[in-house]
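*Asks:* Handing you this structure, nothing more for now.
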Amino acid sequence: MTVKKDAVVEMHYTLKNDAGDVIDSSQGKEPMPFIQGHGNIIPGLESALEGMKVG
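In structure tokens form, the structure reads like this:
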């Protein structure tokens with residue numbers, strides 16, 4: 350699967366602050382689902398994911 354507009358995507362993430370402390374993470378939980386291209390996640394992340402493949 351290629352990430353493209355209207356695709357349902359699930360991903361794991363880890364969010365850290367500038368000091369490297371973990372603020373939030375999906376590790377050990379279900380992956381975060383979203384619909385690509387609908388502004389449901391941070392715009393820069395959505396742009397970076399466009400065209401990527403599973404794995």
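Residue numbers for the sequence shown follow this note's numbering, so the first one is 350 and each next one is one higher.
Note that beta-carbon positions come from the ideal geometry of N, C-alpha and C, so glycine has one too.
1. Tell me whether Ser-374 sits in a helix, a strand or coil according to DSSP, three-state version.
2. Report all residues from its chain with a CB closer than 6 Å to the CB of Thr-351; omit the five preceding and five following residues, and keep chain order.
3. Beta-carbon within less than 6 Å of Ile-390's beta-carbon, same chain only, minus the 5 sequence neighbours each way: which residues are those?
4. Under three-state DSSP, which class holds Pro-392?
5. For His-361, I'd like the list of residues in its chain whose CB is within less than 7 Å of its CB, leaving aside the five on either flank, ordered along the chain.
*Replies:* In short, the structure shows the following:
1. The residue you call residue 374 lines up with position 25 of the sequence shown. The answer is strand: DSSP assigns Ser-374 an E or B state.
2. Translated into positions along the sequence shown, residue 351 becomes position 2. Taking C-beta separations shorter than 6 Å and ignoring five residues to either side along the sequence, the partners of Thr-351 in its chain run Lys-402, following chain order.
3. By 1-based counting over the sequence shown, the position of residue 390 is 41. Closer than 6 Å at Cβ, skipping near neighbours: Phe-383.
4. For the purposes of this step, residue 392 is taken as residue 43 along the sequence shown, with counting starting at 1. Helix at Pro-392.
5. Looking up residue 361 in the sequence shown gives position 12. Excluding sequence neighbours, His-361 sits near Ser-375, Gln-376 and Pro-380.
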